[in-house]
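Numbering (the UniProt record's numbering), first residue to last: 1 to 474.
Okay, here's the thing in structure tokens:
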């Protein structure tokens, strides 16, 4: 009599309880989760999954903690992210014994518990008791039963934090069951402050962020390959691009190998050789093995393991430095002399371009020799008007880069005024030419024609004017 819902779902089961408390546990208004999908996963898909530790998902669901953890580990390992939200609902149900009591999944152990609960409801407060010892203020007799022996075997990022374990022990003294992971799709979860995680992170059990691998897209690889083609001409710029991609995508060992394979074999070998030399130089003083810190084969580092993540960070730093220093720098004077100031380019932008070009050579743009070379290049390759004014400076000022930059800016800012002056001069010259023509035109004589300048008739009587128009002059 009402013991089952449609589709063989038992009301007094975890699945039936989740469906009965759908609005509180998983009924989001955006429609991202629905009951039909939950039933399909719970009763058709999850029982077929081979879970670790000999666990097996039961028809109509289960509240066994180890089974729930093994299911969650399996879903994340197989990247079944759509099913994770539905598995979280059973964690939420386990975290709310009031829902379980309402569905008759658990019952009070003795009359004292029911009496204490009624008294607490009358006072407006709801206290949770799991045994008679809790109701009289003694240590919970089920404390040891609530501890799951399989927790120690879980990965580091699935183990409860130390503070949470201590809090569970304190709460157990009051008869409150230990906390479980709360689904992000429940109202109870939304009452807390939302957990915000950066790109490449997900919220795991106990609200801990865990790192997940996000593969590089085809567009990222296309952009990188285009940048890598200019590696020999600009190793510093390409290494900066690699460092930016590492920070943006949190690349692992395999991702870095993929980017290096976009370069030529010679370039890749030079980079790895230089990076390994840098690693060997740092590790030699500490007496550590280079192969452990700079592996040539996949080390299978786990990004959620703190020690592995430190090894990955050091490896990435060595690769970036190796890429920057692998190509020997020479003074390429042709590339330096090819940098010329554009018509609308400011003096500061032009100077920065010269410095960037000099960084690709063995010259240091901030050394004394580099500054003197910058002075010569800045004067010789500036725009024509700026160059003309810079050459007018005295010998002392012409060797000071700051003085040259100030004079270049003064000339650059006065360009508009100079253009206005030139325009006014051209306009004045044109007006004077027109005025001069009018001044030299002689006035007509009394009997002189204004059309043909002949005497003896006026313009209206000029035969030249009416020639071919059919008017006959008499």
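All C-beta atoms in this analysis are idealised placements derived from N, C-alpha and C, irrespective of residue type, glycine included.
From 22, 233, 243 and 99, residue whose alpha carbon lies closest to that of residue 313: 243
Quick check on the burial criterion: 16 or more other C-beta atoms within 10 angstroms. Buried or exposed for residue 62? buried
Ends of the alpha helix (DSSP H) at residue 228? 218-228
Identify the continuous alpha helix (DSSP H) that holds residue 355 and give its terminal residues. 347-359
DSSP on residue 341, reduced to helix/strand/coil? coil
Kindly indicate the opening and closing residues of the alpha helix (DSSP H) around residue 378. 368-380
Count the other CB atoms, across all protein chains shown, that sit within 10 Å of the CB of residue 406; report buried if there are 16 or more and exposed otherwise. exposed
Residue 101 to residue 32 span [Cα, whole Å]: 28 Å
Beta-carbon spacing of residue 14, residue 60 below 9 Å: yes
Around the Cβ of residue 446, are there at least 16 other Cβ atoms within 10 angstroms (buried) or fewer (exposed)? exposed
Sort 288, 316 and 282 by Cα distance to residue 257 and report the nearest one. 316
Between 448, 319 and 222, which lies nearest to residue 239 when the distance is taken from Cα to Cα? 319
In terms of residue numbering, what span does the alpha helix (DSSP H) encompassing residue 245 cover? 235-249
Using only CA atoms, which one of 288, 96 and 369 lies nearest to residue 399? 369
Assigned exposure category for residue 360 - 16 Cβ within 10 Å defines buried: buried
How about residue 357 and residue 322: are their beta carbons less than 9 Å apart? no
Is it buried or exposed for residue 95, if we count other Cβ within 10 angstroms and need 16 for buried? buried
For residue 270, which residues in the same chain have their Cβ closer than 6 Å to its Cβ, ignoring the five residues on either side in sequence? 326
Among the residues of its own chain, which have a CB less than 8 Å from the CB of residue 52, if the five just before and after it don't count? 70, 73 and 74
With respect to the alpha helix (DSSP H) encompassing residue 91, which residues constitute its N-terminal and C-terminal limits? 81-95
Sufficient close CB pairs (3 or more, under 8 Å) joining the segment 283-295 to the segment 335-352: no
Can you give me the start and stop residues for the alpha helix (DSSP H) that residue 387 sits inside? 384-390
Given this structure, state the Cα-to-Cα distance separating residue 97 from residue 106, to the nearest angstrom. 8 Å
Please state whether the Cβ-Cβ distance between residue 464 and residue 452 is less than 9 Å. yes
Using only CA atoms, which one of 454, 18, 351 and 425 lies nearest to residue 34? 18
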